[in-house]
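Undergrad:
Residue numbers (my numbering): 280 to 367.
1. Return yes when the Cβ of residue 304 is within less than 7 Å of the Cβ of residue 339, no when it is not.
2. For residue 337, does the count of other Cβ atoms within 10 angstroms reach 16, so buried, or fall short, so exposed?
3. Is DSSP giving residue 353 helix, strand or coil here?
4. For residue 327, report the span of its alpha helix (DSSP H) as first-last.
5. Would you report the Cα separation of residue 295 and residue 289, rounded to the nearest angstrom?
6. If residue 293 and residue 331 are in contact, beta carbons under 8 Å, what's the gap, nearest whole angstrom?
7. Measuring only the C-alpha atoms, how far is residue 314 from residue 343?
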């Protein structure tokens, strides 16, 4: 898969996914508890980094899988020209 490019889309998707998860969780915890600022930092910074690292590889695989399904970026054959798309 060295020549199949996912570019920046997986990273953008991970930022959106992690942002929604962490922000929603943060708002829920903030509304229901009285944690100090340093406690929030100790919880949310490592969680954000961990989620980003864990999700990046599966999201990149999904993007490359989508490229494969759509015959993009080298998955279409010798010259990447689709003569017909198989019907689902």
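Just so it is clear, CB atoms sit at the ideal spot from N, CA and C, and this is done for glycine as well.
Being a predicted model, the structure only gives us computed values, none of them experimental.
TA: Once the coordinates are examined:
1. Cβ distance not < 7 Å, so residue 339 and residue 304 don't count as in contact.
2. exposed
3. coil
4. 316-348
5. Looking at the two C-alpha atoms, the distance is approximately 10 Å.
6. The distance from the Cβ of residue 293 to that of residue 331 is about 6 Å, consistent with a contact at the 8 Å cut-off.
7. 41 Å
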